[in-house]
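Heads up: the sequence shown is residues 108 to 270, going by my numbering. Below is one structure, written out as structure tokens, with a few remarks after it.
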Amino acid sequence: MLNFDTVRTLSVSGPALPTLPDGSPALLLAAISGEEALSTLFRYDLFLTTPLDMPEAEAAAIDLKALIGTELTVTIQLDGMGEFVAGATGLTGAANIGAGTREISGIVTEAGFVEQMNRQSRYRVLLQPWTALMDCPRDLRISRSCGFYFYLDTSWRKNGQRG
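Printed below as a string of structure tokens:
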């Protein structure tokens with residue numbers, strides 16, 4: 108397992124992510140697991156948690172159907188992509204060489220409730236690239252490659268209904 112020497116900040120954003128009344132996100136990225144390789148589509152499992160101050164009943168009732176088929180972006184802070192600052196005294200100009208971010212954008216193809224623990228609800232979301240939709244059959248038959256709610260939502264939109 109890869110262990111980093113420095114703490115790296117993870118965050119997730121997207122237009123369909125639920126928010127609290129004060130505007131802060133209702134789902135926070137706790138962990139990410141997945142794979143990507145040349146000539147293959149990436150698959151990332153995002154493990155999202157609710158804030159500690161969110162009431163347990165609300166935390167367990169987040170509408171996951173609203174996330175299916177929407178875009179999410181994961182931002183990871185990185186080392187090794189910064190720029191030298193000329194004219195800075197001492198090593199301060201080179202202190203953050205490497206500071207940068209990596210973004211992974213895709214669509215949510217699956218979402219599910221994992222558990223409720225320590226006053227927080229935990230959810231799992233599968234993030235894949237847009238091209239993963241080409242694996243889905245055109246006649247919208249249920250298959251293992253795409254989740255049930257994705258098909259239901261797509262079918263309803265095709266027929267002018269909302270779920």
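In this text, a Cβ means the ideal position worked out from N, Cα and C, and glycines have one as well.
Backbone secondary structure at residue i - three-state DSSP
i	result
ALA239	helix
ALA133	coil
ALA164	helix
GLY213	strand
THR147	coil
LEU127	coil
Residue i beta carbon near the ligand ATP (any heavy atom closer than 7 Å)
i	result
ALA144	This structure simply doesn't include the ligand ATP, nor any ligand for that matter.
Cutoff 8 Å: residue i Cβ touching any chain B Cβ
i	result
TRP237	The chain inventory of the structure shown lacks chain B, comprising one protein chain alone.
Range covered by the beta strand (DSSP E) that runs through residue i
i	result
THR116	Counting along the chain, THR116 falls outside any beta strand (DSSP E), and DSSP gives it neither H nor E.
Minimum C-alpha distance to residue i - residue among the options
i	options	result
LEU179	ARG226, ASP152, GLN223	ASP152
CA-to-CA distance, residue j to residue i, given in whole angstroms
i	j	result
MET161	LEU155	14 Å
GLY121	PRO132	10 Å
ALA239	LEU148	7 Å
GLU222	ALA164	13 Å
LEU136	SER118	6 Å
Per DSSP, the bridge partner or partners of residue i
i	result
THR182	SER118, GLU210
ARG226	Note: ARG226 sits in no beta bridge, so no partner.
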